[in-house]
Amino acid sequence: MRGFLTRFRNCVRRRPTQAMSDQNIFAAVLDKIRAANTALIKDGALPFGIDQSRIVVEPPRESAHGDMATNAAMVLAKDAGAKPRVLAEAIAAKLRSDDLVAKAEVAGPGFINLTLKPKAWIGALRAVLAAGANYGRSNVGGGSVVNVEYVSANPTGPMHVGHCRGAVFGDALANLLAFTGFAVTREYYINDAGAQVDALARSAFLRYRQALGEDIGPIPEGLYPGDYLKPVGAELATEYSAALRSKLEAEWLPLVRHRAIEMMMGQIRNDLLALKVVHDVFFSERSLLEGPRDQVSELIAALRRAGYVYEGRLPPPKGAPVEDWEDREQTLFRATAFGDDVDRPLMKSDGSYTYFASDIAYHKNKVDRGFRSMIDVWGADHGGYVKRVQAAVSAVRAITNTPTADLDVKIVQLVKLLRSGEPVKMSKRAGEFVTLREVVDEVGKDPVRFMMLYRKNDASLDFDLAKVIEQSRDNPVFYVQYGHARGQSVFRNAREVLAQLPAEPAPRASLLAGAPLERLEDAGELALMRRLALYPRLIEAAALAHEPHRIAFYLYDLASDFHAQWNRGKDASYLRFIIQNDPQITMARLALVQGVVTVLASGLGLLGVEAPDEMR
RNA sequence: GCGCUCGUAGCUCAGCUGGAUAGAGCACCAGACUUCGAAUCUGGGGGUCGGGGGUUCGAAUCCCUCCGAGCGCGCCA
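Each residue of the first sequence is one higher than the one before, counting from 13 in the working numbering.
Take a look at the structure:
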């Protein structure tokens, strides 16, 4: 891969459905609103069959507006031929009789603001305690199969820092999708065909000769100079001794190439493992060409039959002048028929296929394997490639008659590596990259993973090696992990009052579920319960939008609420979680802490970050 | 020149696929605490959401157009 970053993958777009209302209180309230509307239809206040799909229930920005707000009246008003505020009042009147609703007020242009009774939030906490690690799990995915392709770094060298972000992003997104009911396949596309791996083979061959004692001098231009190929050379020397040296390149190259790629991929997998990034499938580009069938030729033939391939000429590129531009007729994919800016070549001048040709075949292969939803995670330097692959997928849709096949390409922006605010120097030209391994070894996988996800994927990111291991509030990784550790510390201390408190989460949660939760009436406690209640909704939205960063921000907010409540106990000792002479309130508060800890652990788990029992 | 991604507080960034008076952290200001219920806490000031048009009940969010930044621009992957 040429760029500093590599390619990755992303994508499906799906409407939120009626969710599991036992966990998701917003979905439960939406059901109540629909029921109210049904009653209004019976009353004749709303027409039969009115479209309710645009109704949403969401937390208002302004907490003074209550616990949740709905736009129901505003989206129904037009079809109902009623004024939004009048309709809102009618719906609100129905809702007021609901057991969980404390207040239903009409506001602004026709919002209905709802305030729920504390028992609603206590119910939410009970749901957390009952579900444990499964709290937030959903089935919006409905078991549909999704392919998430990420990393896919060229097997020509070790992974460098630029690969971190896509790797972590893809991995966390896959976790998130699996958690929300998608059948996820995590895939790595190995670019093991083409000129670059031949260059790798030649470089490795030099190292092989070197390992046999030859003086190879400087590594020629165009080959890979890195020391990381020395072990490959040594391995080849052990395996073949001098046998390869006398062979022609055509003979040794495939052998050396195969062995070198194998060893590079071994190292890459190893490095990924250090970041806790895993894949289910490593898909070889070469297998498309050299498998039982030549899938690339087949594909081009199929596209040609459909009229999407032709022989023609391309205008020279504008802007940056291309030195050896040669105007010639070539085999082109009619990408412009699918929204791309220009038609794209499928064959090089030497008669071999372009990378793009393989890539179309690769995406068709995914569709053939049953994936209707494909997500590609790529580095920003491949942004210019998106349109043509989207065009390719459109063509694949057409020739395979699979209208539902969908590709979402997620672009992750550059990561700027800093140390205490100063850019970390690396010389691209000399091949001096900071490797992924070096970074993980220096700061640990958790800071890398969390910080890579504590930003929207398409925003660029500064990663400061010094700041991410700081133990202070300024460091979100620490702040969130400390929240979890602090919760555990409360449990440890609580044994002074409740000697029987189990150390294991599940039995502890079930014991605490029996606590008198109605005694949780402090504003901070209610705020925490509200925050916990948001989690299932947040998870679903993050999954559907393919945006795992939302989890990281949510966790920060939750940890922040939790630390705040803890701190209130410093000034107001009656608010402490552990009250020596009142085991009942202690139990109730421990239940709340259990809820917090459960959700922190769940969210961190999705991000692939540890939830430690103590900070060391 | 074209395309893609961005542009939100002094700085770093959120803003839940169009909702109400746009949020958080840092920094700044003012208080509190003098400590293992440690790895600070509470409150406050601070904004033409890059500019200008448009769409509609309603726009940071969608469309158009400028400005600015990053990335990319046959036969590399």
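Beta carbons are placed, not taken as given, at the ideal position from N, Cα and C, and that holds for glycine.
Collapsing the DSSP output to three states places GLU161 in a strand.
Under a 10 Å Cβ-count criterion, GLY245 is classified as buried, with 16 or more other Cβ atoms of the shown protein chains found around its own Cβ.
Under the three-state reduction of DSSP output, MET359 falls in the strand class. Taking GLY153 as the centre and dropping the five residues before and after it, the same chain places the C-beta of THR192, GLY193, PHE194 closer than 6 Å to its C-beta, in chain order.
GLN342 is bridged by DSSP to GLY324. For TRP337, no beta strand (DSSP E) encloses it, and the DSSP letter there is neither H nor E. If you look at PHE295, you'll find it in the beta strand (DSSP E) that goes 293 to 296.
Here PRO435 carries a strand assignment [DSSP, helix/strand/coil]. Taken through DSSP and simplified to helix, strand or coil, ILE202 comes out as strand.
Apart from the 5 residues on each side of it in sequence, ARG97 sits with its Cβ closer than 6 Å to the Cβ of VAL118, GLY122 in its chain, given in chain order. In this structure, the CA atom of LEU532 is about 11 Å from the CA atom of PHE589. Going by DSSP, SER614 is part of the alpha helix (DSSP H) stretching over 595 to 619. DSSP, reduced to helix, strand and coil, places HIS558 outside both helices and strands of the structure shown, so it counts as coil. Per DSSP, the unbroken beta strand (DSSP E) holding VAL118 starts and ends at 113 to 119. Here the alpha carbons of THR168 and TYR220 stand approximately 16 Å from one another. Per DSSP, the beta-bridge partners of LEU419 are MET386. A direct Cα-to-Cα measurement between THR416 and ASP388 gives close to 17 Å.
Counting along the chain, the unbroken alpha helix (DSSP H) around ALA249 starts and ends at 242 to 252.
Put simply, the segment 287 to 303 touches the segment 193 to 207. At least three CB pairs are less than 8 Å apart.
The continuous beta strand (DSSP E) containing ALA81 extends over residues 80 to 82. Put simply, of ARG400, PRO243, GLU626 the residue whose alpha carbon is nearest the alpha carbon of GLY351 is ARG400. LEU419 and ARG384 have their C-alpha atoms roughly 8 Å apart.
Remark: C-beta atoms of TYR491 and MET627 do not approach each other more closely than 8 Å.
For GLN500, same chain residues with a beta-carbon under 6 Å away, outside a window of 5 residues either side, are ASP625 in chain order.
Note: ALA195 is bridge-paired with VAL157 in the DSSP secondary-structure output. According to the DSSP secondary-structure assignment, PHE475 is paired through a beta bridge with LEU429. TYR365 is bridged by DSSP to MET359.
In the three-state reduction of the DSSP assignment, GLU70 falls in the strand class.
The alpha carbon of LEU326 has as its nearest neighbour, out of ARG316, SER299, VAL354, ASN151, the alpha carbon of VAL354. Between ILE67 and ALA92, the beta carbon gap of about 12 Å keeps them out of contact (Cβ cut-off 8 Å). Looking from the CA of GLY319, the closest CA among GLN279, ILE411, LEU612 belongs to ILE411. Distances from the CA of LYS457 to each of LEU358, ARG520, LYS115, VAL173 were compared; the closest alpha carbon is that of VAL173. In this structure, SER215 sits near ILE231, with a CB-CB distance shorter than 8 Å.
Straight across, the Cα-Cα distance linking PRO329 with ILE372 is about 23 Å.
Here THR412 carries a helix assignment [DSSP, helix/strand/coil]. When secondary structure is reduced to three states using DSSP, LEU235 falls in the coil class, being assigned neither helix nor strand.
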